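For reference, the structure is listed below as structure tokens.
Protein chains: 2
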Amino acid sequence: MDKKIIGIDLGGTTAKFAILTPEGEIQQKWSIDTNILDDGKHIVPEIIESINHRLNLYNMKAEDFIGIGMGTPGSVDSEAGTVIGAYNLNWTEVQFVKKLIEAGTGIKFAIDNDANVAALGERWKGAGENDPDVVFVTLGTGVGGGIVAGGNLIHGVSGAGGEIGHITVDPEGFECTCGKRGCLETVSSATGVVRLGRFLAEEYAGDSKLKAMLDNGEEVTSKDIFEMAQEDDPFALMVVDRVCFYLGLACGNLGNTLNPSSIVLGGGVSAAGEFLRSRVEKYFKEFTFPQVRESTKIKLAELGNEAGVIGAASLALKFA
Amino acid sequence: MDKKIIGIDLGGTTAKFAILTPEGEIQQKWSIDTNILDDGKHIVPEIIESINHRLNLYNMKAEDFIGIGMGTPGSVDSEAGTVIGAYNLNWTEVQFVKKLIEAGTGIKFAIDNDANVAALGERWKGAGENDPDVVFVTLGTGVGGGIVAGGNLIHGVSGAGGEIGHITVDPEGFECTCGKRGCLETVSSATGVVRLGRFLAEEYAGDSKLKAMLDNGEEVTSKDIFEMAQEDDPFALMVVDRVCFYLGLACGNLGNTLNPSSIVLGGGVSAAGEFLRSRVEKYFKEFTFPQVRESTKIKLAELGNEAGVIGAASLALKFA
């Protein structure tokens, strides 16, 4: 029997697990709740227990596996296998994840940041077509990303490589939680889209359901805005156009800088699909020079929720 | 005797040669004029002749060398060892440089774009301190660059990686030769600095030597503008501040994206030295989020003209 790999996608509410072939085919999936009580000290032991339980259940042994890979929130030291500052896990102190999981399972372990791992997943088995140069942008509660360039995940000198959400798209834009102004995240995350809507509503005078809802103080989500735009609400279309202008500018400069084969849009906001993609592409073409415009593609993510476990598992291939 | 490497920096007026140790110490240097007549068909034969002549003169043989590396203008296919579209060499058709030089010298040959090669040089023996993540920006007649990320030079899918001069810094900015608007090159190349000066002069009302010169239609260079700024001419200071704002924005987003250990400024405009660097750094800090602000440094290039031959020679180390 060929050896397998295990991928873990650790999040604030659940930890997703998968057993995959070295070619990236998922053979089994399961998940457990993430227990963040007591400074998150139960998380790693429960992951170990769940893996060992699964292996027993299916009569598998540590020797049947090439390795385990995991994506996690927080600041990751991939070399040391440690995590710090993962606030949605209550991990404020350094966690020695690699050491504990290797000791507890007898299987080699690799770890990286969750956005990076999702990028690896989309690059390997999704829209990235396993090319050596692929950029992944997640448009969710925040905006994150991962960059694969020259075949490597780019971490940078302090692990902040791929922080696409903090690209400055408007030097005089909104304040960001990071302390600076005009970050892509402030105008294209789920909350950013709504913020931009509220801001633009002040100046908009035409007839619009969205404008009326915002003026009435009704709760509006980014999903609502995209839906109203798809129903031709003129103000919602204007907000979406501005969101796509900023995304096209950021993606354009990623293209001008790295010339990846594709820039892949994922995360909740990308559920708007082709409606979003085509508009981002329009501005992307405006903001790229010819060689990049013709060779770098704007694509939608293909793996959805599974990008995390697949990309995580790919980390373990280095032990093959 | 340890084997040596040869670096060639091919330009529109001269081809510079150097023989180096594998550690990057230059042992000999020479140069020849670049003969661009007859569609540049003499260039490669004259390079071969010059190398063979040099080897004969010093009683060296092909076996004494690990390889030859070369930086060239134009679009380079590093794999194939070919160049096309190097207009300052009159190379409009594909040139089979690798094939010819290997046949003519009996030494293995590697080639890359001149801006990439200069980046490799500064990264290896200059301001980059041989770190795995270094970005190089050349501010000359145009603005070029090279990106080393995860230890690799980043070419991208069609070789346009590292085209830092075409990062969009102002969506409504000046038209660029590439056809789009607001490229970094339009406001921070030697001609871009002057263009920005002329543009800002229209609105400037105060007392200024630079403003008077521009209004009188006198010829002004980017060097003049930096010199007048260093002599406290208020309008020249305003122009330099705006140039540094755009450079700081572009470098900031390179930092937010790649988190290199350093972004190195080279080329003629960087002769303004610390006066330029400190101002770019000020805006860089404004446009980066804390983790990048604290870990990515803005530096001046250290190798000057020698970056080309040193970086070119480093290409040959892959044959070691």
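In order, the protein sequences belong to chains C and P.
So that you can map any letter, position 231 of the first sequence is 231 in the UniProt record's numbering, and since no number is skipped, the others follow by simple counting.
So that you can map any letter, position 269 of the second sequence is 269 in the UniProt record's numbering, and since no number is skipped, the others follow by simple counting.
C-beta atoms are modelled at their ideal positions from N, C-alpha and C, and glycine is treated no differently.
Since the model is a prediction, treat every value here as computed from it, not as a measurement.
Provide the residue span of the alpha helix (DSSP H) that contains residue i, from first to last.
i	result
Thr257(P)	234-258
Asn216(P)	From DSSP, Asn216(P) is part of no alpha helix (DSSP H); its letter is neither H nor E.
Trp30(C)	Not the alpha helix (DSSP H): Trp30(C) falls in the beta strand (DSSP E), residues 26-33.
Leu315(C)	307-315
Asp38(P)	37-40
Asp133(C)	Element bounds for Asp133(C): n/a, residue is neither H nor E.
residue 321(P)	Only positions 1 to 320 of chain P appear in this structure, which leaves residue 321(P) out of reach.
Phe199(P)	190-201
Thr105(C)	97-105
Leu303(C)	No alpha helix (DSSP H) contains Leu303(C), which DSSP labels as neither H nor E.
Whole angstroms are fine: how far does the CA of residue j sit from the CA of residue i?
i	j	result
Gly81(C)	Asp241(P)	44 Å
Ile47(C)	Asp64(C)	18 Å
Phe275(C)	Lys211(P)	49 Å
Lys285(P)	Trp124(C)	35 Å
Gly165(P)	Ala119(P)	14 Å
Val280(P)	Gly128(C)	35 Å
Cys178(P)	Leu100(P)	32 Å
Asp233(P)	Ser270(P)	19 Å
Lys4(C)	Ile111(C)	17 Å
Glu306(P)	Lys223(P)	22 Å
Lys318(P)	Ser78(P)	13 Å
Phe245(P)	Ser75(P)	30 Å
Gly7(C)	Lys297(P)	36 Å
residue 384(C)	Glu175(P)	Here chain C has residues from 1 to 320 only, and residue 384(C) is not among them.
Phe96(P)	Met70(C)	46 Å
Trp30(C)	Ala18(C)	6 Å
Ser188(P)	Thr257(P)	21 Å
Ala86(C)	Gln28(P)	54 Å
Val292(C)	Asp2(P)	42 Å
Met60(P)	Gly67(P)	13 Å
Give me the chain C residues within the contact set of residue i, using Cβ-Cβ distance strictly less than 8 Å, ordered along the chain.
i	result
residue 336(P)	In the structure as shown, chain P starts at 1 and stops at 320, and residue 336(P) therefore has no counterpart that could be examined.
residue 341(P)	The structure shown has nothing for residue 341(P), since chain P only spans 1 to 320.
Is the beta carbon of residue j closer than 8 Å to that of residue i?
i	j	result
Ala62(P)	Thr141(P)	no
Ile43(P)	Leu89(P)	yes
Leu249(C)	Tyr283(C)	yes
Gly266(C)	Phe109(C)	no
Leu200(C)	Met238(C)	yes
Glu302(P)	Gly104(P)	no
residue 325(P)	Gly146(P)	Lying outside 1 to 320, the shown extent of chain P, residue 325(P) is not represented and no answer is given.
Val243(P)	Leu196(P)	yes
Val94(C)	Ile84(C)	yes
Val148(P)	Leu315(P)	no
Pro22(C)	Ala320(C)	yes
Gly40(C)	Trp91(C)	yes
Asn152(P)	Ile167(C)	no
Where do the ends of the beta strand (DSSP E) carrying residue i lie?
i	result
Phe319(P)	It is not in any beta strand (DSSP E) - Phe319(P) carries neither H nor E in the DSSP assignment.
Gly69(P)	65-72
Leu10(P)	4-10
Val83(C)	82-84
Just tell me which of the options has its CA closest to the CA of residue i.
i	options	result
Ile32(P)	Gly308(P), Thr21(P), Arg279(P), Asp9(P)	Asp9(P)
Ser295(P)	Gly217(C), Ala160(C), Asp224(C), Phe235(C)	Ala160(C)
Gly150(C)	Asn259(C), Pro290(C), Asn305(C), Phe275(C)	Asn259(C)
Ala15(P)	Leu317(P), Ala320(P), Lys318(P), Gly308(P)	Gly308(P)
Ala312(P)	Leu237(P), Lys98(P), Gly121(P)	Gly121(P)
Leu247(C)	Val83(C), Val169(C), Ser262(C)	Val169(C)
Val134(C)	Ile167(C), Gly192(C), Ile263(C)	Ile263(C)
Lys113(P)	Phe289(P), Ser158(P), Ala272(P)	The displayed chain sequence assigns Asn, not Lys, to residue 113(P). When only C-alpha atoms are compared, the closest one is Ser158(P).
Ala115(P)	Pro132(P), Glu172(P), Leu139(P), Asp131(P)	Leu139(P)
Gly304(P)	Thr72(P), Pro290(P), Gly273(P)	Gly273(P)
Ser208(C)	Gln291(C), Ile225(C), Asn35(C)	Ile225(C)
Phe287(C)	Leu153(P), Gly12(P), Gly173(P)	Gly173(P)
Asn130(P)	Phe235(P), Gly24(P), Leu254(P)	Gly24(P)
Thr72(P)	Asn52(P), Glu202(P), Lys98(P)	Lys98(P)
Gly268(P)	Thr221(P), Gly255(P), Gly182(P), Leu20(P)	Thr221(P)
State yes or no: is the C-beta of residue i nearer than 7 Å to some heavy atom of the ligand PLP?
i	result
Asn113(C)	In the structure on display, the ligand PLP does not appear, and there are no ligands present to speak of.
Against residue i, what residues of chain C qualify as contacts under a CB-to-CB distance less than 9 Å, listed in chain order?
i	result
Thr296(P)	Gly156, Val157, Ser158, Ala160
Glu286(P)	Thr168, Pro171, Lys180, Arg181
Just to make sure I have the definition right: I need the residues of chain C whose C-beta is within less than 7 Å of the C-beta of residue i. Which are they?
i	result
Ala149(P)	Ala149, Gly150, Ile154
Val292(P)	Ala160
Ser189(P)	Near Ser189(P) there are no residues of chain C at all, since even the closest Cβ is about 15 Å away, more than 7 Å.
Pro260(P)	Gly156, Val157
Just to make sure I have the definition right: I need the residues of chain P whose C-beta is within less than 8 Å of the C-beta of residue i. Which are they?
i	result
Leu254(C)	Thr257
Ser314(C)	In chain order: nothing, as chain P lies at least about 16 Å away.
Check the Cβ of residue i against every Cβ in chain P and list those closer than 9 Å, keeping chain order.
i	result
Asp131(C)	Val157
Leu249(C)	Thr168, Pro171
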